[in-house]
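Down below is the structure, laid out as structure tokens.
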Ligand code: ADP
Ligand code: MG
């Protein structure tokens, strides 16, 4: 690990020289409906490079949909999402593939390939998408496994790993393409309590290294200590967008207060 990331997608679309650097992510009045049901109702949001944003809110409030829209696991119904200043809603083919390469995604249920070892899960995209030589892909996988504290598990299959270990492999896999942005959808919700800490510790290190992250989580300790900013979502709207300090001590919105009181 080391050296600059290679933001191929962003290199395709450099900002004009006299402008400020574009925010890494920008939502412009984004709406999403499933059938007739509105799920996101006019989300506008700017995330500068380097921020760690925690997204919280009741079940069904649209948190997963919000982050899944960014790498086009869902398609928006209206509005626009820009990544690195570039509109993404119409991307397809190679441009969409490159966008996704820039964005690592970590799922609640790990989504590792059960028939592949930890190392093979991490090297898969490097070998198949980037056509890396085996030796190079393995070298990066080993470095990433070291980074998440699993250097001795390279040859283990997922079924032989604990939940916390699986999620750390999934994080290493999400890092394999050197993304500009990491998205996490409740990465610790499926874990036994004693394994939550080891996953949050890895995420905390990534945040400290400055990679931009959006994290859907109910781990309010993590939010308080690691987030630059907390979004509270309710019924498809952002009701709060605050620093952890303001969110925990001065939350104005009754629904956010009720949400917090149920967690704490
Ligand atoms: P959260 O992650 O906050 O629990 P979601 O973004 O998963 O919320 O879901 C928001 C709303 O959208 C929920 O009412 C959910 O039932 C609905 N929804 C999510 N995904 C789909 C889908 N693929 N088809 C239909 N409805 C969906
Ligand atoms: Mg969800």
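Numbering (UniProt numbering), first residue to last: 46 to 309. The beta carbon of each residue, even a glycine, is placed where N, CA and C say it ideally should be.
Sequence-distant Cβ neighbours of residue 203 in its own chain, meaning closer than 6 Å and more than five residues away, are 157, 159, 211. Secondary structure at residue 166: helix, using DSSP grouped into helix, strand and coil. Cβ neighbours of residue 89 within its own chain (closer than 7 Å, five residues either side excluded): 72, 73, 74.
In the same chain as residue 106, and ignoring 5 residues on each side of it, the C-beta atoms closer than 8 Å to its own belong to 278, 279, 280, 281, in chain order. Among the bridge pairs identified by DSSP, residue 100 is matched with 261, 276. Every residue with a CB closer than 5 Å to a heavy atom of ligand 1 is listed here in chain order: 79, 84, 104, 105, 106, 107, 108, 109, 110.
For residue 241, there is no enclosing beta strand (DSSP E); the residue is found in the alpha helix (DSSP H) stretching over 238-254.
For the pair residue 117 and residue 97, the CB atoms are not nearer than the 8 Å cut-off. By the neighbour-count criterion, in which a residue is buried when 16 or more other Cβ atoms sit within 10 angstroms of its Cβ, residue 79 is exposed. Between ligand 2 and residue 279, a heavy atom-to-CB distance of less than 7 Å is absent.
The Cβ atoms of residue 100 and residue 112 sit closer than 8 Å to each other. Relative to ligand 2, even the nearest heavy atom lies 7 Å or more away from the CB of residue 260.
In this structure, the C-beta of residue 231 approaches ligand 2 to less than 7 Å from one of its heavy atoms.
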